[in-house]
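Worksheet: one structure, shown below.
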Amino acid sequence: MRFTVHDFEEAARARLDPVYADFIAGGARDEITVWANEAAFARLRLLPRVLRGGAERDVCVTLFGERASLPILLSPTAFHKLVDPEGEAATARAAAAAGAIMIVSMASTVAVGEVADAARAAAEPGQAPPLWFQLYLQPDPGITEALVGRAEEAGCTALVVTVDSPVLGAGERNRRNGFHDLPPGMRCENLVDLRDGERGHVRQIAMSPEFTWEHVDRLRRFTDLPVLLKGVLHPEDARLAVRHGVDGLLLSNHGGRQLDTVPATLELLPELVAAVAGRIPIVLDGGIRRGTDVVKALALGAVAVGIGRPVMWALAEGGEKGVRRLLHLLRDELDDALALCGASRLADLTPDLVRVPGWASAPGPTVTPGADTRFGGVVA
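Heads up, the sequence shown stops at 1775 in this note's numbering, and the numbers go up one at a time, no gaps.
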């Protein structure tokens, strides 16, 4: 029986090769940011309202015209076949059954088309499960366009462009373990045969410090899909994203796997919410381990949250069924936290419900009680 997210991790570690467990758990350098992401949620306190009624809670969210059954997305994580033979296909079935948005990693060990097929097979009859695709811009624009084309053909409905990786983060656990590539028999299936004449060739993901906002503009010119940027941390970059027509932000520090010692994403959330001023939605990932964490993030202005490591632990613990149990657990915790906060819908979660010990007032912007100021129709 798994009662918490950490129970999934404990059970998974008992089954996994320690090298692969380190790959999931580890971060860059001293892993200060890995620790900070969870610690930031622990520092905040919830200040509930009472006598507001509501026998049932609505936890659905609508993003870019797509309705999801809960405001918890599956953030992009690579190499699912390291922990389960069915890899991302099993994850996709679990997400679709829960009505959750899955963001397929560019470094998936199952091709995005097959992931989409698995999600459709598990969804409610007649429903198209929401599926997004994570993209690293490539120095060769033809390769980027080919990847976007595959995502579009698979039925993905948004692109999540990772922008915090000009170089690969220094994961010292992986270096100590000599883990630098997938074992024989596995590969990043989305990177196969990206150009005519390269039959059977698997391209490595190319990271470059030379990308600029012009590359984001170019991407928007050849796709009609909504484009979110993943890894924007500075409020001025958030304002630039709005000016360049970006459709949303995934506020993420890559789970502490890129630049160590950057702040926890939760600490940055109020600043970024103020910077975008309601013009685009913000999804937050990093450190979400409880339903109360979800409530805190949404109260401070995120429209949804993403989970990464917990999905990998659940997949390792029990495959598709493990991920289903994880999402069911988090849904129940979220529903419980909403009820105890005196909320019946996500729009009831406002900054006045959150306190930092010793603070005299709420850490976020002032919001009129009962008013839904978040992106007029983005949140449902």
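Just so you know, even glycine gets a beta-carbon here, dropped at the ideal spot from N, CA and C. Computed from a prediction, not measured in an experiment: that's the story for all the values here.
Residue i bridges to which residues according to DSSP?
i: E1527; result: Per the sequence shown, the amino acid found at residue 1527 is Trp instead of Glu. Beta-bridge pairing links W1527 to I1498.
i: G1737; result: DSSP lists no partner for G1737.
i: K1625; result: T1557, L1645
i: R1652; result: In the DSSP output, where bridge partners are listed per residue, R1652 has none listed.
i: G1566; result: A1423
i: V1749; result: L1441
i: V1587; result: V1597
Hey, how far is the Cα of residue i from the Cα of residue j?
i: H1723; j: M1602; result: 36 Å
i: G1696; j: I1498; result: 21 Å
i: V1706; j: V1689; result: 15 Å
i: P1413; j: S1500; result: 23 Å
i: Y1415; j: K1716; result: 20 Å
i: P1604; j: L1563; result: 10 Å
i: R1634; j: L1693; result: 20 Å
i: A1541; j: C1583; result: 15 Å
i: A1368; j: S1503; result: No statement about residue 1368 is possible, as the shown extent of the chain runs from 1396 to 1775 and does not include it.
i: W1430; j: L1663; result: 15 Å
i: A1732; j: A1738; result: 9 Å
i: L1741; j: A1669; result: 19 Å
i: M1581; j: V1587; result: 12 Å
i: L1589; j: P1524; result: 26 Å
i: D1382; j: A1423; result: The requested residue 1382 does not occur in the structure, where the chain is confined to residues 1396 to 1775.
i: T1457; j: L1679; result: 15 Å
i: G1421; j: Q1529; result: 21 Å
i: V1555; j: T1745; result: 27 Å
i: N1569; j: H1575; result: 7 Å
i: V1478; j: T1687; result: 28 Å
i: L1725; j: L1441; result: 17 Å
i: P1665; j: I1675; result: 14 Å
i: D1567; j: E1451; result: It is Glu, not Asp, that sits at residue 1567 in the sequence shown. Each residue's alpha carbon lies about 47 Å from the other.
i: P1417; j: S1464; result: Inspection of the sequence shows that residue 1417 is occupied by Asp rather than by Pro. Spanning the two alpha carbons is a distance of roughly 32 Å.
i: P1630; j: R1719; result: 35 Å
i: D1402; j: R1447; result: 34 Å
i: F1398; j: V1597; result: 41 Å
i: G1701; j: D1453; result: 18 Å
i: L1661; j: D1591; result: 44 Å
i: R1410; j: G1673; result: 44 Å
i: A1709; j: D1743; result: 30 Å
i: P1561; j: G1626; result: 11 Å
i: L1667; j: L1628; result: 8 Å
i: V1657; j: N1648; result: 7 Å
i: V1400; j: I1683; result: 9 Å
Note the first and the last residue of the continuous alpha helix (DSSP H) segment covering residue i.
i: E1631; result: 1630-1638
i: E1662; result: 1660-1671
i: D1402; result: 1400-1410
i: V1689; result: 1686-1694
i: D1417; result: 1413-1420
i: L1614; result: 1608-1616
i: R1545; result: 1536-1549
i: G1508; result: 1507-1517
Would you say residue i lies against chain D (beta-carbon separation less than 9 Å)?
i: P1705; result: Chain labels in this structure do not include chain D; a single protein chain is all it has.
Please report the residue range of the beta strand (DSSP E) in which residue i lies.
i: I1702; result: 1699-1702
i: I1677; result: 1677-1680
i: L1554; result: 1554-1557
Would the beta-carbon of residue i be found less than 8 Å away from any heavy atom of the ligand ADP?
i: D1730; result: As for the ligand ADP, it is missing from this structure, which has no ligand bound.
(message) I'd like to know if the stretch 1508-1526 and the stretch 1480-1499 are in contact, where contact means that at least 3 CB-CB pairs between them fall below 8 Å.
(response) yes
(message) Does the contact criterion of 3 or more C-beta pairs under 8 Å hold for the stretch 1533-1541 versus the stretch 1515-1524?
(response) no
(message) My parser needs the alpha helix (DSSP H) runs of 4 or more residues fully inside the stretch 1423-1486; what are they?
(response) Those alpha helix (DSSP H) runs which fall completely within the stretch 1423-1486 and span 4+ residues are 1427-1438.
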